[in-house]
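Enquirer:
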Amino acid sequence: MIDLKLLQKDFEGMSAKLTRKGVSAELLTTLKEKFESLRVAKQEFETLQAAQNAMSKEFGVYKREGKDISELKAKVDANKIKVADAVEVQRERQEELETIAMAVPNMPDDSVPDGKDEEDNIELKKVLTPKEFDFTPKEHWELAEQNGWIDFERGVKLATSRFSVSFGMGARLERALINFMLDFNRERGFEEVSVPALVNRQALEGTGQLPKFEDDLYKMDGQELFLIPTAEVPVTNLYQDEILATDELPKRMTAYTSCFRKEAGAAGRDTRGMIRQHQFHKVELVAITTPDTSEIMFEQMVSCASDILTALKLPHRLVNLCTGDLGFGAAHTTDIEVWLPGQDQYREISSISNTRDFQARRAKIRYKNGKKNEFVHTLNGSSLAVGRTLVAIMENNQNEDGSIDIPEVLKPYLGM
RNA sequence: GGACAGCUGGCCGAGUGGUCGAAGGCGCUCGCCUGGAACGCGAGUAUAGGGCAACCUAUCUAGGGUUCGAAUCCCUAGCUGUCCA
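Just so you know, we're using our numbering here: the first sequence kicks off at 32 and counts up by one.
Here's what the structure looks like:
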């Protein structure tokens, strides 16, 4: 959530930043007014409640001393009605404010380029040069089927479209990749955690998926539980509503989970193959830091993900997402795109974001800065999307006969 | 699935309608004591919000209710434990 106090203090500054994310100045003005009117309502309630408390105390004294209470009772009864009204007003205003405030995205950093969509993202650097093929490289679904690694039809039979099944070496490679990534992350100082794949509404509000993006989530029938779209949700929310000691920070965690997305807005995109599935494996990095160290952590997380690709000898590039492509909660994001020779283009395989205090404010994750409690910074990033990594291995390591070379670093994980 | 018991501050634990934001203990912080430490002694020690000082509001698992007034009574949910299926 954006800082509503800051909005009061520096309306111009915040409005300039949020306009770049398509938030209108009118909405922000409304928000500012609602915040102020909530403050007034709170004060009114507190004044009335203070009177009520004082009179109730007096009531006790009267009773003990055996005085006549009828006059006091009349006063207190009258005030009680006022208190009830004030509570109602306050609740209404609170709700109005939250409805608006929870749907406002994070402020983009100044370093985020303006832009409409991924076309406007800025390439930061390339790592490893794509290999020249002396034949036309195939796309991964062709290779996957030829090698018997992935069965797209049977996935659809079991569930619906955008589900697939891995067999044999395909399945083993997925498992090897997950283990390799988790080990790699652990060596970089990220503690492995294993978390629930179902979370409640509060968790999703904490990280920003709700209330705005409910359409893309799978919800349990008749229960306020959702399948996680990313491990970022359970892992970040581990510390929801907690005040962490400074020496506990930074918290660095890595988790492997399945992720579930309806892909409601992606009809027709990537319908073939396993680029865009409703269920996919992902190894995630999450960090919780003090505000002054979050950018250092960000660089470490980007390096971690990029170095995994380098270890797998997969060419990739880093791009700085533009305002139009930036996610709801992110202040800035670096995407890592892996080279897919079959598709003859770079495709997203990881996304690393610093949300600064945006999620911390929603999830109430704070730390003790001396005597004061302050919001932490939270960061998240994939390292990596497992299915897409497998796709990249297939396409980059293919031979003319369709066979695929196994990356050296994975061989120990495959007993080779 | 059924029955019962419980959920209080960092931890343990007292508290069954008003003087309880909460005794006592442990822990922690500071001071005294000491060559240094332990022991002992003294003081302090929840969180959030508003004024940003006095002070006020909220919080004893969560949500609702009764009452002038709730940690304390009632209802619902969650969790934990014990027993029975």
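We put the CB at the ideal spot given by N, CA and C, even for glycine. Computed from a predicted structure; not experimentally measured.
(1) By DSSP, does residue 290 sit in helix, in strand, or in coil?
(2) Using a Cβ-Cβ cut-off of 7 Å (strictly less than) and excluding sequence neighbours within five positions of residue 164, which residues of its own chain qualify?
(3) Mind pulling the alpha helix (DSSP H) runs of 4 or more residues that sit fully within the region 74 to 141?
(4) Starting from residue 389, follow its DSSP beta bridges and name the residues at the other end.
(5) Which stretch, first to last residue, makes up the beta strand (DSSP E) that contains residue 414?
(6) Is it right to say residue 281 is buried, meaning 16 or more other beta carbons lie within 10 angstroms of its own, or is it exposed?
(7) Just the C-alpha distance for residue 394 and residue 266, rounded to the nearest angstrom, thanks.
(8) State the beta-bridge partners of residue 377 as determined by DSSP.
(9) What separation, rounded to the nearest whole angstrom, lies between the Cα atoms of residue 11 and residue 87?
(10) Check for me: the beta strand (DSSP E) holding residue 187 runs from which residue to which?
(11) Alpha carbons only, please: which of 101, 447, 418, 118 is nearest the one belonging to residue 307?
(12) Using only the alpha-carbon positions, how far apart do residue 290 and residue 311 sit?
(13) If you follow the beta strand (DSSP E) that residue 257 is in, where does it begin and where does it stop?
(14) Measure from the alpha carbon of residue 66 to the alpha carbon of each residue in 430, 132, 404, then state which is nearest.
(15) Can you check which of these residues, 47, 68, 129, is closest to residue 242 by C-alpha distance?
(16) Based on Cα-Cα distance, which residue from 53, 60, 55 lies nearest to residue 40?
(17) In whole angstroms, give me the CA-to-CA distance for residue 378 and residue 215.
(18) With a Cβ-Cβ cutoff of 8 Å, do residue 197 and residue 209 count as a contact?
(19) Name the DSSP bridge partner or partners of residue 448?
(20) Does the structure place the region 320 to 334 close enough to the region 394 to 412 that three or more beta carbon pairs sit under 8 Å?
(21) Could you name the residues of the same chain whose beta carbon sits closer than 7 Å to that of residue 139, not counting the 5 residues immediately before and after it, in chain order?
(22) Would you tell me roughly how many angstroms separate the C-alpha atoms of residue 158 and residue 350, rounded to the nearest one?
(23) For residue 331, is the classification buried or exposed, using 16 other Cβ atoms within 10 angstroms of its Cβ as the cut-off for buried?
(24) Do the CB positions of residue 425 and residue 435 come within less than 8 Å of each other?
(25) If contact is defined by three or more beta carbon pairs under 8 Å, each pair taking one atom from either stretch, is the region 292 to 309 in contact with the region 169 to 178?
(26) I'd like to know whether the C-beta atoms of residue 385 and residue 329 end up nearer to each other than 8 Å.
(27) Mind checking which residues open and close the alpha helix (DSSP H) that includes residue 163?
(28) Are there 16 or more other CB atoms within 10 angstroms of the CB of residue 155, so buried, or fewer, so exposed?
(29) What's the gap between the Cα of residue 136 and the Cα of residue 390?
(30) If I'm right that residue 347 touches residue 193 with Cβ under 8 Å, what's the distance once you round it to whole angstroms?
(31) Excluding five sequence neighbours on each side, which residues of the same chain lie with their C-beta closer than 7 Å to the C-beta of residue 316?
(32) Going by CA-CA distance only, name the one from 381, 344, 365 that's closest to residue 142.
(33) Beta-carbon separation of residue 399 and residue 276 under 8 Å?
Expert: Concretely, from the data shown:
(1) Start at 1 with the first residue of the first sequence, and residue 290 comes out as number 259. Residue state, collapsed to three classes: strand.
(2) Counting from one through the first sequence, the residue named residue 164 turns up at place 133. Cβ neighbours of residue 164 beyond the five flanking positions: 372.
(3) Every alpha helix (DSSP H) of 4 residues or more that sits fully in the region 74 to 141 is shown, in chain order, as 101 to 132.
(4) If you number the first sequence from 1, residue 389 lands on position 358. Residue 389 is not bridged to any residue.
(5) Here residue 414 corresponds to residue number 383 of the first sequence, with the count starting at 1. Residue 414 -> beta strand (DSSP E) spans 408 to 416.
(6) Counted from its first residue, the first sequence places residue 281 at position 250. Looking at its Cβ environment, which holds 16 or more other Cβ atoms inside 10 Å, residue 281 is buried.
(7) Residue numbering aside, residue 394 sits at position 363 when the first sequence is read from its first letter. Residue numbering aside, residue 266 sits at position 235 when the first sequence is read from its first letter. Taking the straight line joining both Cα atoms gives about 12 Å.
(8) Working through the first sequence from its first residue, we reach residue 377 at position 346. According to DSSP, which records beta bridges pairwise, residue 377 is partnered with 370.
(9) There is simply no residue 11 to check, as the chain begins at 32 and stops at 447 in what is shown.
(10) Counting from one through the first sequence, the residue named residue 187 turns up at place 156. From DSSP, residue 187 is part of no beta strand (DSSP E) but of the alpha helix (DSSP H) over 183 to 189.
(11) Here the question's residue 307 lines up with position 276 in the first sequence. The option with the nearest alpha carbon to residue 307 is 418.
(12) Taking the first residue of the first sequence as 1, we reach residue 290 at position 259. Taking the first residue of the first sequence as 1, we reach residue 311 at position 280. Here the alpha carbon of residue 290 sits roughly 5 Å from the alpha carbon of residue 311.
(13) Along the first sequence, read from residue 1 onward, the residue named residue 257 stands at position 226. Counting along the chain, the beta strand (DSSP E) containing residue 257 begins and ends at 256 to 258.
(14) Reading the first sequence from its first residue, position 35 is the one you call residue 66. Ranking 430, 132, 404 by Cα distance to residue 66 puts 132 first.
(15) Position 211 of the first sequence, counted from the start, is the residue given in the question as residue 242. Cα-wise, what sits closest to residue 242 is 129.
(16) Counted from its first residue, the first sequence places residue 40 at position 9. Nearest C-alpha to residue 40: 60.
(17) Position 347 of the first sequence, counted from the first residue, corresponds to residue 378. Position 184 of the first sequence, counted from the first residue, corresponds to residue 215. Going from the Cα of residue 378 to the Cα of residue 215 covers about 22 Å.
(18) Here residue 197 is taken as the residue at index 166 of the first sequence, counted from 1. Here residue 209 is taken as the residue at index 178 of the first sequence, counted from 1. No, these two residues do not count as a Cβ contact at 8 Å.
(19) Only positions 32 to 447 of the chain appear in the structure, and residue 448 is not among them; the question remains open.
(20) The region 394 to 412 makes contact with the region 320 to 334, as at least three CB pairs between them are under 8 Å.
(21) Sequence index remark: in the first sequence, residue 139 carries index 108 (1-based). Closer than 7 Å at Cβ, skipping near neighbours: 48, 51, 52, 354, 357, 362, 363.
(22) As a working mapping, residue 158 is identified with position 127 in the first sequence. As a working mapping, residue 350 is identified with position 319 in the first sequence. Near 12 Å, if we compare the C-alpha coordinates of residue 350 and residue 158.
(23) Within the first sequence, numbered from 1, the residue matching residue 331 stands at position 300. Buried.
(24) By 1-based counting over the first sequence, the position of residue 425 is 394. By 1-based counting over the first sequence, the position of residue 435 is 404. Yes, the pair counts as a contact, with Cβ atoms nearer than the cut-off.
(25) yes
(26) In the first sequence, residue 385 corresponds to position 354, counting from 1. In the first sequence, residue 329 corresponds to position 298, counting from 1. Yes, the pair counts as a contact, with Cβ atoms nearer than the cut-off.
(27) As a first step, residue 163 must be located in the first sequence, where it is residue number 132. Counting along the chain, residue 163 falls outside any alpha helix (DSSP H), and DSSP gives it neither H nor E.
(28) The residue given as residue 155 occupies position 124 in the first sequence. Residue 155 comes out exposed.
(29) By one-based count along the first sequence, residue 136 stands at place 105. By one-based count along the first sequence, residue 390 stands at place 359. The alpha-carbon atoms of residue 136 and residue 390 are separated by roughly 11 Å.
(30) Within the first sequence, the letter at position 316 stands for residue 347. Within the first sequence, the letter at position 162 stands for residue 193. For residue 347 against residue 193, the beta-carbon gap comes to about 24 Å, at or over 8 Å, which does not count as contact.
(31) Taking the first residue of the first sequence as 1, we reach residue 316 at position 285. The residues are 216, 221, 285, 332, 335, 411, 412, 414.
(32) Translated into the one-based positions of the first sequence, residue 142 becomes position 111. The shortest C-alpha separation from residue 142 is found at 365.
(33) Looking up residue 399 in the first sequence gives position 368. Looking up residue 276 in the first sequence gives position 245. In this structure, residue 276 lies closer than 8 Å to residue 399 by Cβ.
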